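The sequence shown begins at 1 in this note's numbering and counts up one residue at a time.
The beta-carbon is built from N, C-alpha and C at its ideal position, and this holds for glycine as well.
Values in this document were obtained by computation on a predicted structure and should not be read as measured data.
Beneath this line is the structure, given in structure tokens, with notes to follow.
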Amino acid sequence: MSAVFSNERELVAPELALPPQLVPNTRLQMDGLELLGQLPADSIPVAFLDPQYRGVLDRLAYGNEGETRGRRRSALQQMTEKTIAKFVSGIDRILSPSGHLFLWMDKFHLCQGFTHWLAGTRLQIVDLVVWDKERMGMGYRTRRQTEFCAILQKQPRRAKGVWKLHDIRDVWREKVDTSTHPHAKPVKLQMELIKAVSNRGDYVVDPAAGSFSVMQSANQADRNFIGCDIVC
């Protein structure tokens with residue numbers, strides 16, 4: 001019986017011909033859905049998405065929108081549930097077979113459920129990483145200190161020969177500087193995830209890049225980055 005683990009990645013990403021306006025490893029300012037629409041289908045091994053959810057602001061209603069820490073959060077353009085589903089569908093189209101989407105979310109959406117975002121796609125949930133931010137946030141009851149990275153894979157679902165790192169813990173502690181962006185993500189964790197599911201020189205896509213931490217992670221992993229945000 002063959003082992004289910006492998007330290008080698010068998011999949012090779014296809015050569016990518018980009019339109020001239022999509023310059024790799026730069027902070028592109030454009031709509032993320034427009035960027036996804038310009039990328040060829042079945043061509044990208046790994047993508048990230050960190051949605052800015054309108055729903056969590058409405059339902060939790062902490063009352064601090066426009067005040068102190070809430071000012072920067074509420075100033076960001078928020079996505080509706082329908083918009084998030086469109087982003088997920090666009091990523092599904094561009095991912096290569098057995099490619100991965102790393103989808104950031106908070107515990108609100110994890111508990112409420114997010115599988116409706118995947119309707120009509122070939123994406124399946126295969127794992128989950130808990131990010132301990134080592135910084136307490138807000139909360140009516142418990143104080144929030146974690147976010148979650150759902151790991152989704154495009155069919156056919158497989159690990160051997162695709163996922164090549166086996167020392168990434170499913171609880172990851174990393175403190176980040178949020179002074180430049182309220183939703184900055186952990187660069188080291190993203191770098192390890194990128195290295196696990198891609199080869200050097202492959203392209204990593206983030207159509208809602210925010211702080212562009214994924215670009216930093218990709219470049220540190222010797223990968224190319226294509227991503228944008230509506231505000232740079």
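- In the three-state reduction of the DSSP assignment, M105 falls in the strand class.
- Cβ-Cβ distances below 7 Å link K175 to K133, E134 and R135 in the same chain, with the five nearest sequence neighbours on each side left out; the list follows chain order.
- Looking only at V231, C232, I226 and I230, the smallest Cα-Cα distance to Q21 is reached by I226.
- Runs of the beta strand (DSSP E) spanning 3 or more residues and lying entirely within the region 133–174 occur at 146–154 and 171–173, in chain order.
- Annotation for F48: the continuous beta strand (DSSP E) segment containing it runs I44 to L49.
- Out of K164, Q112 and L103, the CA that lies nearest to the CA of N7 is found in K164.
- Here V129 carries a strand assignment [DSSP, helix/strand/coil].
- Excluding residues up to 5 positions away in sequence, W117 lie with their Cβ nearer than 6 Å to the Cβ of A85 in the same chain.
- Cβ atoms of D222 and R200 come within 8 Å of each other, at about 5 Å.
- The C-alpha of C232 is placed about 33 Å away from the C-alpha of Q155.
- Below 8 Å, enough C-beta pairs join the region 101–108 and the region 144–163 to call them touching: three or more.
- When DSSP states are grouped into helix, strand and coil, D92 belongs to the helix group.
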